[in-house]
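> Below you'll find the structure I mean.
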């Protein structure tokens, strides 16, 4: 029969071997789960992927959701990958000087500021371009500029009050139509030139001049269905 001491030593040896095997299997599983990061240069874009040349060779990587700057060819980028083959461009680290940048997002993008304000500043132009509508909702809107230009095919305004202080106003158009309940104007001098027809239709017309009222025409016709009255200290006809 085997001595007890020898049997104990053999059992301990088997346990140590089993423990080493378990640790090796665990390390192998952890290696399979570990991700890695590597830097490289974008050589081209194809089918929604970016081919990045790295020390591990060329890798096909998608743009990560957190990478808002759209990668371009010759960009130096940071790539995260896994042994399974999935890889993502995490960030654009460096780009050629003066190449510019584009912020790209798949789907809707919303910028929220629970506190504070938002300011967009540029040394040159700022353009807002949309294939659909551009909406502005605010308590107030202020625009300050030395000059401005608005080109619209159709404009609709709905409001209660419009106030404008303008040094000079010039209108040019084909047709002007106004439908209002009341028109009140107060001017110092008024000049109007009509090349063809000037027609006024009203229920009552009252013209009052403090000094002189003059009517000149090649032919003048005054007609009334009931009464024509002329009153003055002197009346000259002919």
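Residue numbers (the numbering used here): 1424 to 1661. Glycine is no exception: its CB is placed at the ideal position from the N, C-alpha and C atoms.
For residue 1599 and residue 1465, what's the separation of their Cα atoms in angstroms?
Going by the C-alpha atoms only, they are around 59 angstroms apart.
> Going by the C-beta, is residue 1576 closer than 6 angstroms to any heavy atom of the ligand FAD?
You won't find the ligand FAD in this model; it holds no ligand whatsoever.
> Could you give the DSSP three-state label for residue 1503: helix, strand or coil?
strand
> What separation, rounded to the nearest whole angstrom, lies between the Cα atoms of residue 1658 and residue 1611?
30 angstroms
> Can you check DSSP and say which residues form a bridge with residue 1460?
For residue 1460, which the question treats as bridged, DSSP gives the partners 1503.
> State whether the stretch 1532-1546 contacts the stretch 1497-1515, with contact taken as three or more CB pairs (one from each stretch) at a distance under 8 angstroms.
no
> Taking only three categories from DSSP, how would you classify residue 1517?
strand
> Quick one: give me the first and last residue of the beta strand (DSSP E) that residue 1484 is part of.
1480-1486 is the span of the beta strand (DSSP E), which, as asked, contains residue 1484.
> DSSP three-state label for residue 1511, please.
strand
> How many Å lie between residue 1566 and residue 1545 at the Cα?
16 angstroms
> Taking the alpha-carbon positions, what's the residue 1590 to residue 1609 distance?
16 angstroms
> Quick check on residue 1493: does DSSP put it in helix, strand or coil?
coil
> I need the DSSP call for residue 1468, collapsed to helix, strand or coil.
Three-state result, residue 1468: strand.
> What separation, rounded to the nearest whole angstrom, lies between the Cα atoms of residue 1556 and residue 1625?
Distance between the alpha carbons of residue 1556 and residue 1625 is about 44 angstroms.
> Buried or exposed, going by whether 16 or more other CB atoms sit within 10 Å of the CB of residue 1473?
buried
> Rank 1643, 1632 and 1527 by C-alpha distance to the C-alpha of residue 1491 and give the top, closest one.
With distances taken between Cα atoms, residue 1491 lies closest to 1527.
> Using 8 angstroms as the threshold, is the stretch 1489-1503 in touch with the stretch 1511-1519, meaning 3 or more CB pairs across them?
Contact between the stretch 1489-1503 and the stretch 1511-1519 is present: three or more C-beta pairs spanning the two stretches fall below 8 angstroms.
> In chain order, what residues of the same chain have a beta carbon less than 6 angstroms from the beta carbon of residue 1499, not counting five sequence neighbours either side?
1464, 1516 and 1517
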